[in-house]
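Visitor:
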Ligand SMILES: Nc1ncnc2c1ncn2[C@@H]1O[C@H](COP(=O)(O)OP(=O)(O)O)[C@@H](O)[C@H]1O
Ligand SMILES: Nc1ncnc2c1ncn2[C@@H]1O[C@H](COP(=O)(O)OP(=O)(O)O)[C@@H](O)[C@H]1O
Ligand SMILES: Nc1ncnc2c1ncn2[C@@H]1O[C@H](COP(=O)(O)OP(=O)(O)O)[C@@H](O)[C@H]1O
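Chains as they are written, first to last, in the working numbering: chain L, 978 to 1395; chain C, 978 to 1395; chain U, 978 to 1395; chain V, 1164 to 1275; chain D, 1164 to 1275; chain B, 1164 to 1275.
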């Protein structure tokens, strides 16, 4: 099929926007931790841009989109081999034929691979050992992310072929990273002093800035997944904005009712919850569906967060509550709101003259990603924890990651003492 | 008319850029207020992204671009009805026919609706009651913004048909929001202690960051209004950059002469003044006109700001001085610099072999927007003030909006006490 | 040749992205200086957006891309004259014919002109007199940048015709600005107290934010230089990301080995070093070459920075170590990794079945830019220093640029005293 | 010589400063502190978790003064800092064995 | 009346505050300070250049107390702030000539 | 035992610290303060509105010392902090009833 410059322009821009989300996430998380740990958090996120990009080029992409079996790709694109010259990527033929250079598709997908593991760094905030993180990060990306991406995104993957829908990565990115987050916090344990000792965000303006960047970048994430500049991309962009907006409103409303005050962190968190939930749906729903999906996500995620106090797991920045739960909410609701009049590549859902088949497939996809990601993450984390260690020492944790691990202090505002 | 992927890509990117301007504006304003009020400011701006997006989808867009009369649209697109499938938007036919999906046009316009009321939050900084703001915001967007957008932007609107020019919203956005700002400060009154007590910006780096984001996003705002990726969009982008640049220089020059020092806040303010002034002109002028327009705007806005001390209205972050005045400067100068060799859809102006007809139409547009927006804003604000209240209590104002309204503190940098 | 909307959309977006890099650079540098000098640094960078944009429109572009001789352009486009209507820019004919409006090309190149001198402000941090800087800035842009841009970027330029390759400005931007930085620090001298007195970054989160913006914008910088939305642009975008990633990793590795700790500033610095090195190569190399180039750049730049302590020049924020050295590394390595199968407009290099001819041309380009930029920068700086002065007084330096030059303080976080 | 230390409400600093200037006080040293006392702090809520903040921002003044001026200065501070609301703060006086002006080495009275 | 000044480790502030509440202390003033002493600081590295930071973040408490309560209060502070690691800090006691509550003008004992 | 309090120019902190180390001072507590005095502050301008800032950043040192060491220490501070320009600051000395090292409970002389 012909390369279309307009579609290519849109996908290249989208790749840039998705890359920009990782610094945005770093700031979103960084603002929420205490001042002594902000660099540790920024470092973990920026490091994903470094390590994952290189791994993706060497082998990650090939494992995800190479012509392998139902469960994993191949090594055919090892080190970008043949990618620049290949006619069509495995499975992207006939109606699925791409109108953009395979290299543009590679770039776009690289940014997804980068941000996915960055998501779970929020759960283990303030206590991860950097060396252990580095090794775990590489292993997880190759052994968890690439396979799951193959299952769902590659036309060769079993969930793709089964007919599970995931427009921009509700399962591949958010559920996947959310499960990993949960397993990691169970393995590394709570921050000392949590939940007794207050651990307030050290800079909410930083978090709000990160939220703005995430919202902005998410247009590339979701609308870019249309892989073209067309009505579907426009629909996905609109859905993305409306879900974020509605979730912000519903989250603030719950806060107002339950806590008496609407907070800026709540508004930001709600927006992100909505963005997560609409991710799998962005190119399959229309009308007011994104508003409903977002509104539900805002409420459910707020409530889900409260569980950590009940069950006592220190999901520090609520990756489980927002990404795992939000991803599930979106993937399930897609079984009710998917509408083929929006996207003929989708399937009709319960509310749109379809059967419950799609819903069942969605549940299968959710379940299998949870099980696979949960088990492999557990094994990898355990191994790394034993061999290298995943957690800093008590003294390092008390001192803070910035000086203890990175020999830096984030701020010298007085800039006069020390 | 055919959908063009290149034009669609550009408009989608532009929509994303304009959405990004609202967080940018939040930071631009947030840096200028005192540390105890920064979250209150960020909240008001981010909340616009939430509430206005949803209202726009439900009815706002339909009121602005539906097929109504000269003064207001219709309910035909209520809840996005038929928007995904409509052939052409009312009035966008023949030479005005769009080459992008109506949904992309909707997305682009949604971001304009979001940022417009966000602009006036700077005028009422540090003293707005959140509940009152929320209600006023919704009413204003539907009863002031949508009608004015219909008048000027919709081919069905009376000012559009009369031949008034407003490329990207000098009147619809800046004059409109600026008038609302003036009316609001007159109704809510001054901050306690103003102007005696100094109320310095708490973080100019935040304000400069916001300026950078605004400048960046404004390319989507102005050049995106060409609704295509063509020579006109390029011209608009260049004009936008040159006007911002020239206004920065002229503002700094006036500062240097009048105050003895050129300030970073001045450079940032000048740039924004230039961006405001070029907004109505961006796609209608060429050559060095943007430099002249920008240079004039920088000087006039600087001087306009000083009026608040003379007349004693507390336009806290100078929304009137920059947006109302800057919008008027641009709209009037368009009557002198508009050039049909740049854009055949424009009209020749006084300096470009035209009559004064365009200038007269510009004045009519300015006048009618000022009167309409002024009156309706006044009525709405008065009602909300009586029913809910628009201003916080003395104690809340003294304590600061962050803890008093949102139960949060922006910074915990020492992160050691409290 | 026909205007292509997709290509135009991509170049317009790229222009916006490159403009956004200058605020990004301002924050990158601003975070590294002490709190009393951050506004001074932001001001110098933002001021480039003001002054250079206007100069570029008036004469800078014409000198760079006008139809002059081998060494300098002409005045034909003075004040944007004829630019909107010109058929083709001088030399951009036949296979070089542009598929975008000349005005879009102008916009894209304007942003390059803006950021180049902004780069050297990092070297002279904390001590430049603003008035002297302003004058030097204008002179340098017209007398150093425009000619060098003509040599290398314009098809009429002697280095272009000689066959030296510089995809996005390794020589024109980074080597050029890096040499200027070195000359400037030699003329203005060290900061008082350097290197004895510690001068730590006052806000590394600001620096990391700047890094994120730079990385994001660099996609426009490098991939936009393909001047179209095609496979080459995709390749350039991928190369850009991989080089930044690999350089981050190699820099952190050296730190870990040499200093015992990997630092966030190191990760950020490595990424920038990789982005600099890949700039000349972005559209000429493929496969794993960008990873190799980036990895080498990360190591070499880290080591290069240490030279300032040995030789005692106060290149405050390491512009020489990162931009001059990184630019040379990339330009030289291009002589080994250039591959015509990636870009038929390139030439085969030592490792890719080519002769050493390209390498020789690269060395000629590097050498001539260093000599020309070095000499002219020296003369201009000396003159400005004598006539106006380039350095602040001792007291101003001790007080800090923010209050001393700009009558502002960056932060009032307690916001309670003074 | 005495040292007068005062804890006041931040927004009262300017008034106190002016009052002291009025009393001919030639200098003082000020710092940001957090106070704990009868005045209640505030509540913060982060994602549904509520925290009570006991500390209230205050400003701390230190004024070296000759014996003779102490009462006048203290009265001035108290008058200017008073709002009659809980949390106005405290003033206390301690003896100073001796004081030196670094620039000149002048001692005690001459050091001010 | 006495003034008790204590320099403690920041993360001990809450415990000390609770201990003081337990002793019926009605108020205190706290500030962030940097300490230099036996406890070593940390090293920072910026682009290969190493710096030794001598200062360690500490919190400074000031408590006005009647003669009779001083020992009890000091003991409470010492007990709560102790970690037995170098850097726990110091407590010192100085005489206060007199104290005033700004709100009421009450003096000395009544000022607390 | 005595408490030596010094207000100095921020950029002099390092020199003073070294001088004190030289005198065998084993510790000190430092904080950021704002000074008001003969030394004029600076002017700030925001969008054409001018403000005079009276306060100047200073650093405050507190040094507990035995009677015998006070003069030596004070001299060292004065010598190191001196620039002969207005604003060099003050040093003052107050009596300390007693001092305790939290870690060990050691008192007075042994607490240092
Ligand atoms: N015993 C004390 N020692 C030191 N400072 C105190 C003491 N009691 C109160 N303060 C300071 O005085 C401030 C005001 O005290 P508070 O009891 O709140 O109000 P009031 O002084 O009006 O009774 C407190 O915030 C604290 O900074
Ligand atoms: N002579 C002193 N004067 C004032 N403060 C001191 C003095 N010595 C120590 N300090 C303070 O006490 C803190 C702890 O002292 P340090 O010697 O580190 O541990 P320790 O008190 O356990 O021996 C220091 O960080 C400093 O703030
Ligand atoms: N009476 C005072 N009480 C407390 N601190 C003072 C007093 N006078 C001056 N200071 C402190 O000393 C600093 C220097 O005083 P200043 O009068 O400016 O210069 P100098 O001490 O050289 O005469 C001031 O900034 C302030 O912090």
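Beta carbons: idealized from backbone N, C-alpha and C, even for Gly. All values derive from a computational prediction rather than experimental measurement.
What's the gap between the Cα of residue 1350 (chain C) and the Cα of residue 1056 (chain C)?
Guide: In the second chain, the residue the question calls residue 1350 (chain C) occupies position 373. In the second chain, the residue the question calls residue 1056 (chain C) occupies position 79. Approximately 26 Å between the Cα atoms of the pair.
Visitor: Any contact of the region 1306-1319 of chain U with the region 1271-1278 of chain U, i.e. 3+ C-beta pairs under 8 Å?
Guide: Contact holds between the region 1306-1319 of chain U and the region 1271-1278 of chain U, because three or more Cβ pairs, one in each stretch, are under 8 Å apart.
Visitor: Considering residue 1117 (chain C), what are the terminal residues of the alpha helix (DSSP H) in which it resides?
Guide: What you label residue 1117 (chain C) is simply residue 140 of the second chain in a count that begins at 1. Start and end: 1107-1117.
Visitor: May I ask you to verify whether the region 1370-1387 of chain C touches the region 1131-1139 of chain C, counting CB pairs closer than 8 Å and requiring at least 3?
Guide: no
Visitor: Tell me, to the nearest whole angstrom, how far the beta carbon of residue 1048 (chain U) is from that of residue 1117 (chain U); I am working on the premise that it is less than 8 Å.
Guide: For the purposes of this step, residue 1048 (chain U) is identified with residue 71 of the third chain, where counting begins at 1. For the purposes of this step, residue 1117 (chain U) is identified with residue 140 of the third chain, where counting begins at 1. About 17 Å; that fails the 8 Å criterion.
Visitor: Against residue 1206 (chain U), what residues of chain L qualify as contacts under a CB-to-CB distance less than 7 Å, listed in chain order?
Guide: Stepping through the third chain from its first residue, residue 1206 (chain U) is reached at position 229. Ordered by position in chain L, the residues that pass the 7 Å Cβ test against residue 1206 (chain U) are 982, 985, 986 and 989.
Visitor: Can you find a C-beta in chain V that's less than 8 Å from the C-beta of residue 1192 (chain D)?
Guide: As a working mapping, residue 1192 (chain D) is identified with position 29 in the fifth chain. At least one chain V Cβ lies under 8 Å of residue 1192 (chain D).
Visitor: Tell me the rounded alpha-carbon separation between residue 1228 (chain V) and residue 1222 (chain D).
Guide: Locating residue 1228 (chain V) in the fourth chain gives position 65, counting from the first residue. Locating residue 1222 (chain D) in the fifth chain gives position 59, counting from the first residue. Going by the C-alpha atoms only, they are around 27 Å apart.
Visitor: For the beta strand (DSSP E) that residue 1228 (chain D) lies in, which residues bound it at each end?
Guide: On the fifth chain, residue 1228 (chain D) is found 65 positions in, with the first residue counted as 1. Per DSSP, residue 1228 (chain D) belongs to the beta strand (DSSP E) from 1219-1228.
Visitor: Less than 8 Å between the C-beta atoms of residue 1182 (chain D) and residue 1239 (chain D), yes or no?
Guide: The residue labelled residue 1182 (chain D) in the question sits at position 19 within the fifth chain. The residue labelled residue 1239 (chain D) in the question sits at position 76 within the fifth chain. Taking 8 Å as the Cβ cut-off, residue 1182 (chain D) and residue 1239 (chain D) qualify as a contacting pair.
Visitor: Taking the continuous alpha helix (DSSP H) assigned at residue 1273 (chain D), which residues delimit it?
Guide: For the purposes of this step, residue 1273 (chain D) is taken as residue 110 along the fifth chain, with counting starting at 1. Here residue 1273 (chain D) belongs to no alpha helix (DSSP H), and DSSP marks it neither H nor E.
Visitor: Would you say the beta carbon of residue 1184 (chain B) is closer than 7 Å to some non-hydrogen atom of ligand 1?
Guide: As a working note, residue 1184 (chain B) is residue 21 in the sixth chain. It does not: the Cβ of residue 1184 (chain B) is nowhere closer than 7 Å to a heavy atom of ligand 1.
Visitor: Check each residue's C-beta against every heavy atom of ligand 2 and list, in chain order, those closer than 7 Å.
Guide: D:1170, D:1196, D:1198, D:1199, D:1200, D:1201, D:1202, D:1219, D:1221, D:1249, D:1250, D:1251, D:1252, D:1253, B:1188, B:1189, B:1190, B:1191, B:1192, B:1225, B:1226, B:1227, B:1228, B:1264, B:1265, B:1266 and B:1275
Visitor: So which residues on chain V does residue 1282 (chain L) lean against when the C-beta distance must stay under 7 Å?
Guide: In the first chain, the residue the question calls residue 1282 (chain L) occupies position 305. What residue 1282 (chain L) touches in chain V: 1210 and 1211.
Visitor: Give the residues of chain V in contact with residue 1386 (chain C), contact being defined as C-beta atoms less than 7 Å apart.
Guide: Stepping through the second chain from its first residue, residue 1386 (chain C) is reached at position 409. Ordered by position in chain V, the residues that pass the 7 Å Cβ test against residue 1386 (chain C) are 1207.
Visitor: Just tell me which of C:1290, C:1326, C:1261 and C:1046 has its CA closest to the CA of residue 1209 (chain C).
Guide: Start at 1 with the first residue of the second chain, and residue 1209 (chain C) comes out as number 232. When only C-alpha atoms are compared, the closest one is C:1261.
Visitor: DSSP three-state label for residue 1176 (chain L), please.
Guide: Position 199 of the first chain holds residue 1176 (chain L). Coil.
Visitor: Quick check on the burial criterion: 16 or more other C-beta atoms within 10 angstroms. Buried or exposed for residue 1083 (chain L)?
Guide: Along the first chain, read from residue 1 onward, the residue named residue 1083 (chain L) stands at position 106. Label assigned to residue 1083 (chain L): buried.
Visitor: For a test of the three-state rule: what should DSSP assign to residue 1359 (chain C), helix, strand or coil?
Guide: For the purposes of this step, residue 1359 (chain C) is identified with residue 382 of the second chain, where counting begins at 1. DSSP places residue 1359 (chain C) in helix when its eight states are reduced to three.
Visitor: In the DSSP output, what is residue 1198 (chain D) paired with across the bridge?
Guide: Mapped onto the fifth chain, residue 1198 (chain D) falls at position 35. Residue 1198 (chain D) pairs with D:1219 and B:1192.
Visitor: At 8 Å on the CB atoms, spell out the chain V contacts of residue 1228 (chain D), in chain order.
Guide: In the fifth chain, residue 1228 (chain D) corresponds to position 65, counting from 1. Ordered by position in chain V, no residue passes the 8 Å Cβ test against residue 1228 (chain D), which lies about 11 Å from the chain.
Visitor: Find out if the Cβ-Cβ distance for the pair residue 1159 (chain L), residue 1292 (chain L) is shorter than 8 Å.
Guide: Along the first chain, read from residue 1 onward, the residue named residue 1159 (chain L) stands at position 182. Along the first chain, read from residue 1 onward, the residue named residue 1292 (chain L) stands at position 315. Against a cut-off of 8 Å, the Cβ pair of residue 1292 (chain L) and residue 1159 (chain L) comes out as a contact.
Visitor: Is there a Cβ of chain C sitting closer than 8 Å to that of residue 1180 (chain L), yes or no?
Guide: Along the first chain, one-based indexing puts residue 1180 (chain L) at 203. Interface residue, yes.
Visitor: Residues of chain E with a CB under 7 Å from the CB of residue 1375 (chain L): which are they?
Guide: As a matter of chain content, chain E is missing from the structure shown, whose protein chains are L, C, U, V, D and B.
Visitor: Under the three-state reduction of DSSP, which class applies to residue 1241 (chain U): helix, strand or coil?
Guide: As a working note, residue 1241 (chain U) is residue 264 in the third chain. Helix at residue 1241 (chain U).
Visitor: Return the residues of the region 1241-1265 of chain B that lie within a Cβ-Cβ distance of less than 9 Å from chain D, sorted by chain order.
Guide: 1257, 1258, 1259, 1260, 1261, 1262, 1263, 1264 and 1265
Visitor: What residues in its chain sit with their C-beta under 6 Å from that of residue 985 (chain U), if we drop five residues either side in the sequence?
Guide: For the purposes of this step, residue 985 (chain U) is taken as the residue at position 8 of the third chain. Excluding residues within five positions, the ones whose Cβ falls inside 6 Å are 1077 and 1081.
Visitor: Taking only the alpha-carbon atoms, compute the straight-line gap between residue 1264 (chain L) and residue 1106 (chain C) and give it to the nearest angstrom.
Guide: Numbered from its first residue, the first chain carries residue 1264 (chain L) at position 287. Numbered from its first residue, the second chain carries residue 1106 (chain C) at position 129. Looking at the two C-alpha atoms, the distance is approximately 33 Å.
Visitor: Can you check whether the CB of residue 1069 (chain L) is closer than 8 Å to the CB of residue 1132 (chain L)?
Guide: Numbered from 1 along the first chain, position 155 holds the residue referred to as residue 1132 (chain L). Numbered from 1 along the first chain, position 92 holds the residue referred to as residue 1069 (chain L). Contact: yes.
Visitor: Would you give the residue range spanned by the alpha helix (DSSP H) that residue 1015 (chain C) belongs to?
Guide: Counting from 1 along the second chain, the entry for residue 1015 (chain C) is found at position 38. For residue 1015 (chain C), the uninterrupted alpha helix (DSSP H) run begins and ends at 1015-1032, by DSSP.
Visitor: Could you give the first and the last residue of the continuous beta strand (DSSP E) run that contains residue 1120 (chain C)?
Guide: Numbered from its first residue, the second chain carries residue 1120 (chain C) at position 143. It is not in any beta strand (DSSP E) - residue 1120 (chain C) carries neither H nor E in the DSSP assignment.
Visitor: What does residue 1205 (chain D) pair with, by DSSP beta-bridge criteria?
Guide: Looking up residue 1205 (chain D) in the fifth chain gives position 42. The partner list for residue 1205 (chain D) (beta bridge, DSSP) reads D:1216.
Visitor: On the DSSP bridge assignment, give the partners of residue 1258 (chain V) in chain order.
Guide: Working through the fourth chain from its first residue, we reach residue 1258 (chain V) at position 95. Per DSSP, V:1165.
Visitor: Which residue marks the beginning of the alpha helix (DSSP H) containing residue 1286 (chain C), and which one marks its end?
Guide: For the purposes of this step, residue 1286 (chain C) is identified with residue 309 of the second chain, where counting begins at 1. Per DSSP, residue 1286 (chain C) belongs to the alpha helix (DSSP H) from 1266-1288.
Visitor: Inspect the beta-carbon positions of residue 1347 (chain L) and residue 1092 (chain L) and report whether they are closer than 8 Å.
Guide: Here residue 1347 (chain L) refers to the residue found at position 370 of the first chain. Here residue 1092 (chain L) refers to the residue found at position 115 of the first chain. Against a cut-off of 8 Å, the Cβ pair of residue 1092 (chain L) and residue 1347 (chain L) comes out as no contact.
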